[in-house]
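Trainee: Each residue of the sequence shown is one higher than the last, beginning at 1 in our numbering.
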Amino acid sequence: MILRTLLTGCLAVALLLPLPRLAAAAHAIAMQGEPALPPDFTHLPYTNPDAPKGGRVVYAWQGSFDSLNPFIVQGDAARGLFDVDFGNTVFETLMMRSRDEAFTLYPLLAQSVETDADRSYVTFTLNPDARFSDGKPVTVDDVIFSLELLRDKGRPIYQRWVGVIDRMERVGSHGLRLVFNEKADRESPLLLAQLPIFPKHATERDAFDRSTLKPMIGSGPYRIETVRPGEVVILKRNPDYWAKDLPTKRGFDNYDEIRMSYFRDSNAMFEAFKKGLIDVFLEDQTARWANGYNFPAVAAGNVVKDTFRKKTPADMLGFVMNTRRPVFQDRNVRAALAGLFDFEWVNRNLFNNAYERTTSYFDGSELASTGRPASDAEKALLAPYPDAVRPSILAGTWKPATSDGSGRDREFLRKGFEALKEAGYSMRDGKMVDANGHQLAFEMLLNGRSTEQIAIAWQRTLARLGIAVSIRAVDAAQYLQRQRTYDFDVMLMRYTSSLSPGVEQQFRWGSASAKVDGTFNFAGVSEPAIDALIDRMVNARSREEFVTIVRAYDRVLLSGAYLVPLYFQPEQWVARWDHIRHPERTPVYGHQLPTWWSEKATQ
Numbered sequence: 001m002i003l004r005t006l007l008t009g010c011l012a013v014a015l016l017l018p019l020p021r022l023a024a025a026a027h028a029i030a031m032q033g034e035p036a037l038p039p040d041f042t043h044l045p046y047t048n049p050d051a052p053k054g055g056r057v058v059y060a061w062q063g064s065f066d067s068l069n070p071f072i073v074q075g076d077a078a079r080g081l082f083d084v085d086f087g088n089t090v091f092e093t094l095m096m097r098s099r100d101e102a103f104t105l106y107p108l109l110a111q112s113v114e115t116d117a118d119r120s121y122v123t124f125t126l127n128p129d130a131r132f133s134d135g136k137p138v139t140v141d142d143v144i145f146s147l148e149l150l151r152d153k154g155r156p157i158y159q160r161w162v163g164v165i166d167r168m169e170r171v172g173s174h175g176l177r178l179v180f181n182e183k184a185d186r187e188s189p190l191l192l193a194q195l196p197i198f199p200k201h202a203t204e205r206d207a208f209d210r211s212t213l214k215p216m217i218g219s220g221p222y223r224i225e226t227v228r229p230g231e232v233v234i235l236k237r238n239p240d241y242w243a244k245d246l247p248t249k250r251g252f253d254n255y256d257e258i259r260m261s262y263f264r265d266s267n268a269m270f271e272a273f274k275k276g277l278i279d280v281f282l283e284d285q286t287a288r289w290a291n292g293y294n295f296p297a298v299a300a301g302n303v304v305k306d307t308f309r310k311k312t313p314a315d316m317l318g319f320v321m322n323t324r325r326p327v328f329q330d331r332n333v334r335a336a337l338a339g340l341f342d343f344e345w346v347n348r349n350l351f352n353n354a355y356e357r358t359t360s361y362f363d364g365s366e367l368a369s370t371g372r373p374a375s376d377a378e379k380a381l382l383a384p385y386p387d388a389v390r391p392s393i394l395a396g397t398w399k400p401a402t403s404d405g406s407g408r409d410r411e412f413l414r415k416g417f418e419a420l421k422e423a424g425y426s427m428r429d430g431k432m433v434d435a436n437g438h439q440l441a442f443e444m445l446l447n448g449r450s451t452e453q454i455a456i457a458w459q460r461t462l463a464r465l466g467i468a469v470s471i472r473a474v475d476a477a478q479y480l481q482r483q484r485t486y487d488f489d490v491m492l493m494r495y496t497s498s499l500s501p502g503v504e505q506q507f508r509w510g511s512a513s514a515k516v517d518g519t520f521n522f523a524g525v526s527e528p529a530i531d532a533l534i535d536r537m538v539n540a541r542s543r544e545e546f547v548t549i550v551r552a553y554d555r556v557l558l559s560g561a562y563l564v565p566l567y568f569q570p571e572q573w574v575a576r577w578d579h580i581r582h583p584e585r586t587p588v589y590g591h592q593l594p595t596w597w598s599e600k601a602t603q
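1) Using the C-alpha atoms, what's the distance from residue 206 back to residue 245?
2) Excluding the 5 residues preceding and the 5 following residue 605 in the sequence, name in chain order all residues of the same chain whose CB lies nearer than 8 Å to its CB.
3) Could you round the C-beta distance between residue 208 and residue 126 to whole angstroms and report it? I think they count as a contact, below 8 Å.
4) Determine, using beta carbons only, whether residue 464 and residue 420 come nearer to each other than 7 Å.
5) State yes or no: is the beta carbon of residue 146 nearer than 7 Å to at least one beta carbon in chain D?
6) On the three-pair Cβ rule with 8 Å, is the stretch 488 to 499 touching the stretch 289 to 308?
7) What did DSSP end up calling residue 569 once you bin it into helix, strand or coil?
8) To the nearest angstrom, how far is it from the Cα of residue 317 to the Cα of residue 173?
9) Can you list, in chain order, the residues of its chain with a C-beta nearer than 7 Å to that of residue 99? Leave out the 5 residues immediately preceding and following it.
10) For residue 416, which three-state DSSP category applies?
11) Across which residues does DSSP place residue 77 in a beta bridge pair?
12) Residue ranges of each alpha helix (DSSP H) run of no fewer than 4 residues wholly in the stretch 93 to 130, ordered along the chain?
13) Go to residue 473, then tell me how far its alpha helix (DSSP H) extends in each direction, as first and last residue.
14) Give me the DSSP bridge partner(s) of residue 439.
15) Where in the stretch 510 to 561 do unbroken runs of the beta strand (DSSP E), each at least 3 residues long, occur, reported from the N-terminal end onward?
16) Taking just the CA atoms, how far does residue 114 sit from residue 21?
17) Please report the residue range of the alpha helix (DSSP H) in which residue 378 lies.
18) Grouping DSSP H, G and I as helix and E and B as strand, with all else coil, what is residue 159?
19) Using three-state DSSP, classify residue 17 as helix, strand or coil.
20) Say yes only if the C-beta of residue 413 is nearer than 6 Å to one or more non-hydrogen atoms of the ligand SAM, and no if none qualify.
21) Cβ atoms of residue 55 and residue 600: under 7 Å apart, would you say?
22) Answer yes if the stretch 455 to 475 comes into contact with the stretch 333 to 350, meaning at least three C-beta pairs across the two stretches below 8 Å, and no otherwise.
23) How big is the Cα-Cα spacing for residue 285 and residue 595?
24) What's the call for residue 554, buried or exposed, on a 16-neighbour Cβ count within 10 Å?
25) Rounded to a whole number of angstroms, what is the C-alpha to C-alpha distance between residue 192 and residue 89?
26) Is the beta carbon of residue 28 less than 7 Å from the beta carbon of residue 38?
27) My output table needs one value for residue 226: the three-state DSSP class, helix, strand or coil.
28) Examine the Cβ distances between the stretch 566 to 577 and the stretch 306 to 325 and report whether three or more of them are shorter than 8 Å.
29) With residue 461 as the anchor, note down where its alpha helix (DSSP H) starts and where it stops.
30) Could you pull out every residue in the same chain whose Cβ sits closer than 6 Å to the Cβ of residue 494, ignoring the five residues on either side in sequence?
31) Taking all protein chains shown into account, decide if residue 585 is buried (16 or more other Cβ within 10 angstroms of its Cβ) or exposed.
32) Sort out for me which residues DSSP pairs residue 83 with in a bridge.
33) What's the C-alpha gap between residue 106 and residue 332?
34) Which value, in whole angstroms, describes the spacing of the CA atoms of residue 68 and residue 242?
35) Beta-carbon within less than 6 Å of residue 41's beta-carbon, same chain only, minus the 5 sequence neighbours each way: which residues are those?
36) List the DSSP bridge partners of residue 404.
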């Protein structure tokens, strides 16, 4: 008991006798159910295992960077090093997520995984062939070092993930068992398997939490070759990459060189694409997608426009209202303001009716609660929190306010006025004021000018009801700093979701994240019902139970009116020069750039 007390809460590494083997080692682990692929799978089904190797690809990103460390709060890290869009090129994890299943991991640095029915521990056995890019083997010491480093100096979300470990125990020469404390849940083994692993011999522990432009060593397929701060990062493929024949990695990492070029604004980036200076362009502007691709290279077939449909929830894009500010502490005020976004006018006049209205945090999936009444199981989950869900949302009858699209819909404005009146506001001398005579006013913080038209549209509607809204556009560095410290009233934010939401929801909406700088709880949400449902979510054992919990959770988020839901693009739009090719099959999570290749490649 004394020893256990000393070890509790620490990442103590013990050379102890193994725990009783409660489960056999497996090749994969799924959040719920069983992995789709058998142990002898040859490649992930959405890749082309025969894709040619070679050539170069040039990607582009709007903004800048001043760091090559994406694992810490400080600095603005370069994209493409450890990246959900462009791939984990430099750093790798113990296991790799399949983008064709809700949440399943397959072997990478670890060749097998073992856990018990309660997931009270997890054991990873390293692949003895795993190597860092300097040729040194990946060892248990490196994994322990990495977990402790991220716990002490990593981003808050990494600190939270590692914080569930009670102790670490070596198992043989290549195994590491992580025994969990009371903070862990059923998702913990999968989250820890997705943390980056660093070489102990080549990573400066004391300086890790300071941004740096010094290239770091990883075990990934690429090395950082060239860095010009704020301009470009060039990655070169490691010809001795240890996992190039691993089934999990067949069909990935096909270019000899990856170049990530940075641009200050979207228009300059697009002009560079038209000139052939960029190979792949991720389009996010409907007007440009509809009318901007009439240049000669498109007509000649040298530039191809691809449309992809993913099967995961649509992104939640919205104006986040910072509830740390007094003006946004009343959810009725927030709901009234959200009801005054004229989607119909915006969609018609700015986007050629290309978007659909967002009505759920999990739109387009089985996880969405809208349009269906709460089940008895949902109601039981919500019963301890009778005020957390508005009646119309519980009944499944709630819909966002709609207008006639004219921009002058008096009935639309009247409903907004009535909602504000119920929240305690009134019109006085052309101003919307509270009981103390203070005008309803706030500032919208924008990152550049690309989203200004949307903000102006909302501003114009609110002004008709005497609400004073100012718009401030700042550069990327200032925006990031104010975002990290929650120094804003309203800002535009995009939340991506998967078919398996989990612990990341604590970081976005959990009470513990509301008072910690650098989290994604930009709204400052502190709601007991949300905390309780996230806890249930990450401990669900069946898919049916999980879906029920997430739908109840969705209802609580919608009822809180923490943001103004805007719209979503039902398709993914990508333009590419025709030498860049991709697999025929689109996985559940949409296109996967790390599986694409160049026809200019030479084997």
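Glycine is no exception: its CB is placed at the ideal position from the N, C-alpha and C atoms.
These numbers were taken from a predicted model, which means no experiment stands behind them.
Mentor: According to the structure data:
1) If you draw a straight line from the Cα of residue 245 to the Cα of residue 206, it comes to about 35 Å.
2) Any question about residue 605 goes unanswered here, given that the chain covers just 1 to 603.
3) Actually they do not touch by this definition, with Cβ atoms about 22 Å apart.
4) Contact annotation: residue 464 and residue 420 have beta-carbon atoms that are not nearer than 7 Å.
5) In the displayed structure, chain D is absent; only one protein chain is listed.
6) No: fewer than three Cβ pairs fall under 8 Å.
7) Three-state result, residue 569: coil.
8) Going by the C-alpha atoms only, they are around 47 Å apart.
9) Excluding positions up to five away in sequence, the list reads 46, 587, 588, 589 and 592.
10) It is helical.
11) Beta-bridge pairing links residue 77 to 67.
12) As summarised for the stretch 93 to 130, there are no continuous alpha helix (DSSP H) elements at least 4 residues long confined to that stretch.
13) Per DSSP, residue 473 is not a residue of any alpha helix (DSSP H); the beta strand (DSSP E) it occupies stretches across 468 to 474.
14) Under DSSP, residue 439 forms a beta bridge with 433.
15) Whole beta strand (DSSP E) segments, 3+ residues: zero.
16) Any answer about residue 21 is weak, because its pLDDT of 45 lies below 50 and its placement is not dependable; what the coordinates show is given next. Just so you know, the alpha carbons of residue 21 and residue 114 end up roughly 9 Å apart.
17) Bounds of the alpha helix (DSSP H) holding residue 378 are 376 to 382.
18) DSSP places residue 159 in helix when its eight states are reduced to three.
19) At residue 17, the pLDDT of 39 sits below 50, so the modelled position is not reliable; the number obtained from the coordinates is stated separately. Residue state, collapsed to three classes: coil.
20) Among the components modelled here there is no ligand, and therefore nothing to report on the ligand SAM.
21) In this structure, residue 55 lies closer than 7 Å to residue 600 by Cβ.
22) Touching, yes.
23) Between the C-alpha atoms of residue 285 and residue 595 there is a straight-line separation of about 24 Å.
24) Within a 10 Å sphere around the beta-carbon of residue 554 sit 16 or more other beta-carbons, which makes this residue buried.
25) The C-alpha of residue 192 lies about 19 Å from the C-alpha of residue 89.
26) At least 7 Å separates the beta-carbon of residue 28 from that of residue 38.
27) Residue 226: strand per DSSP, three-state reduction.
28) These segments touch.
29) In the DSSP assignment, residue 461 falls within the alpha helix (DSSP H) that extends over 452 to 463.
30) Hits under 6 Å: 315 and 317.
31) The Cβ neighbour count for residue 585, taken over all protein chains shown within 10 Å, is under 16; the residue is labelled exposed.
32) For residue 83, DSSP records a beta bridge to 87.
33) The alpha-carbon atoms of residue 106 and residue 332 are separated by roughly 46 Å.
34) Approximately 23 Å between the Cα atoms of the pair.
35) Here the set comprises 247.
36) Note: residue 404 sits in no beta bridge, so no partner.
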